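In the numbering used here, the protein residues as written are 2 to 108.
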């Protein structure tokens, strides 16, 4: 499974930039199933969330996965939407790594 930007570039780490306190910014990505088989129970987790290289903890209402596929056929592309609504003012952009898991269905 690979996370892609809208131009099709593979992403290893997300750069969510800076957002003003109380404002919400939404991001859209593509999720490509390149496992060679169908995948079920897809789960997406964001970890190593950091600002200026320092890991931080965000509450679940600040950084949310709004939409993600739970099942993808082999070679299918699904849409992932993430939102960020910061509670604190920051000067540098937010970065996060992404983990994608699922159960491969072999026929």
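We put the CB at the ideal spot given by N, CA and C, even for glycine.
As the structure is a computational prediction, the values presented were derived from the model and not from experiment.
| Item | Value |
| --- | --- |
| Tell me, please, whether the CB atom of residue 15 is closer than 8 Å to any CB atom in chain B? | Chain labels in this structure do not include chain B; a single protein chain is all it has. |
| Give me the residue from 106, 101, 108 with the minimum Cα distance to residue 14. | 101 |
| What first and last residue would you give for the beta strand (DSSP E) that runs through residue 49? | 39-52 |
| With DSSP as the reference, label residue 58 as helix, strand or coil. | coil |
| Grab me the residues of residue 32's own chain with a C-beta within less than 8 Å of its C-beta, minus the 5 sequence neighbours each way, in chain order. | 2, 3, 4, 5, 43, 45, 69, 70, 73, 78, 79, 80, 81, 101 |
| Below 8 Å between beta carbons: does that hold for residue 25 and residue 75? | no |
| Specify the secondary structure class of residue 69 as computed by DSSP and reduced to three states. | coil |
| What three-state label does DSSP hand residue 98 in the structure shown? | strand |
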